[in-house]
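Undergrad: When you read off a place in the sequence shown, starting at 1, and then add 338, the result is the number in my numbering.
Where is the CB? At the ideal position from N, CA and C, for every residue including glycine.
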Amino acid sequence: MMDSASEAAWVGLFSGGKDSSWALYRALEEGLAVRRLLTVHPAGDSYMYHVPETRLATLAAESIGIELVEVEPDDFDAGAAVDSGAQGDAELEPMEAALRDLSADLPLAGVTAGAVESDYQTSRIEAMCERLGVDLFAPLWQRDPRALADEMLDAGFEITVLQVAAAGLDESWLGRTLDAAAFDELERLGDEYGVHLLGEGGEFETFVTDGPHMDRPVELDYGTEWEGSRGRVRVTDARLGDPEES
Numbered sequence: 339m340m341d342s343a344s345e346a347a348w349v350g351l352f353s354g355g356k357d358s359s360w361a362l363y364r365a366l367e368e369g370l371a372v373r374r375l376l377t378v379h380p381a382g383d384s385y386m387y388h389v390p391e392t393r394l395a396t397l398a399a400e401s402i403g404i405e406l407v408e409v410e411p412d413d414f415d416a417g418a419a420v421d422s423g424a425q426g427d428a429e430l431e432p433m434e435a436a437l438r439d440l441s442a443d444l445p446l447a448g449v450t451a452g453a454v455e456s457d458y459q460t461s462r463i464e465a466m467c468e469r470l471g472v473d474l475f476a477p478l479w480q481r482d483p484r485a486l487a488d489e490m491l492d493a494g495f496e497i498t499v500l501q502v503a504a505a506g507l508d509e510s511w512l513g514r515t516l517d518a519a520a521f522d523e524l525e526r527l528g529d530e531y532g533v534h535l536l537g538e539g540g541e542f543e544t545f546v547t548d549g550p551h552m553d554r555p556v557e558l559d560y561g562t563e564w565e566g567s568r569g570r571v572r573v574t575d576a577r578l579g580d581p582e583e584s
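1) Write down the C-beta distance between residue 349 and residue 378 rounded to the nearest angstrom, noting that I regard them as a contact closer than 8 Å.
2) Here's the rule I'm using: 16 or more other beta-carbon atoms within 10 Å means buried, otherwise exposed. How should residue 582 be labelled?
3) Pick out whichever of 500, 535, 450 and 517 has its Cα sitting closest to the Cα of residue 569.
4) Please give me, in chain order, every unbroken run of the beta strand (DSSP E) with length at least 3 that falls completely inside the stretch 475–530.
5) Is DSSP giving residue 469 helix, strand or coil here?
6) Provide the residue(s) that pair with residue 559 in DSSP beta bridges, ordered along the chain.
7) Can you tell me the Cβ-Cβ gap for residue 549 and residue 543, rounded? I've got them flagged as a contact below 8 Å.
8) Is the stretch 502–522 in contact with the stretch 470–482, if contact means three or more CB pairs nearer than 8 Å?
9) From the DSSP output, which residues share a beta bridge with residue 377?
10) Going by DSSP, what residue range makes up the beta strand (DSSP E) through residue 543?
11) Out of 391, 401, 439 and 429, which has the shortest C-alpha to C-alpha gap to residue 407?
12) Can you give me the C-alpha to C-alpha distance between residue 441 and residue 452, rounded to a whole angstrom?
13) Throw me the rounded Cβ distance for the residue 376 and residue 556 pair, which I believe falls under 8 Å.
14) To the nearest angstrom, report how far apart residue 483 and residue 529 are at their CA atoms.
15) Output needed for residue 564: all residues of its chain with C-beta closer than 8 Å, excluding positions within five of it in sequence on either side, in chain order.
16) Which residues bound the alpha helix (DSSP H) around residue 446?
17) On the DSSP bridge list, what partners appear for residue 564?
18) Just the Cα atoms here: how many angstroms apart are residue 532 and residue 524?
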């Protein structure tokens, strides 16, 4: 992916979810030299980051073949923030610190991000990139959600729902594969309940178990937890499958 060790490198902001995975995939397709992936593991609910099962990013990165840098919960505490804006700013600090540390080892060209419509996240990432003097590659930004969903499926993304937290999404969605029929149903739920087709408002979270950028699929064993109006997958085992299955 790099012609030279001295070539400016890109860092993929990466959770393993569909949006960050699509941003990474598109960056690789564009020939950007992505040399690192960066995953933040929030300790609890987060305004800035994908939350459930972020440890799966380790397996995804191994399958993709790009070194993963991880920011641990002990590296930051945004819980004392007085409002959502302050919490978002506090949550961004460890990511920015990690990128500054990386820049000491390799010249940074920019970062990839999977935001679709969230000004809350994107404005903060843009400001961070400006402070760092690097570019932002955000190929999902302000794209039509259904067009993006169809492109992901057409490319061969296999997407599993890990968490739901919205009216209209019941326990049956946990562990469900997002295929064309599922996106059709999400469109109907959007009309009825306002569910965003890609879960941009936190309605659901996902993990990409396979795709064209991955050498091996990620296989999951899991149980589910349901709390009446929201629930999540609890992964009990995860492993890389046979390369021929990818």
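TA: Result, derived from the coordinates:
1) That belief does not hold up - the Cβ atoms of residue 349 and residue 378 are roughly 12 Å apart, past 8 Å.
2) exposed
3) 500
4) 496–502
5) helix
6) 575
7) At roughly 17 Å, the Cβ-Cβ gap does not stay under 8 Å, so residue 549 and residue 543 are not in contact.
8) no
9) 408
10) 542–548
11) 439
12) 21 Å
13) Rounded, the Cβ-Cβ distance is 19 Å, inconsistent with contact.
14) 14 Å
15) 509 and 512
16) Run containing residue 446: none in the alpha helix (DSSP H); it sits in the beta strand (DSSP E), 446–450.
17) 569
18) 10 Å
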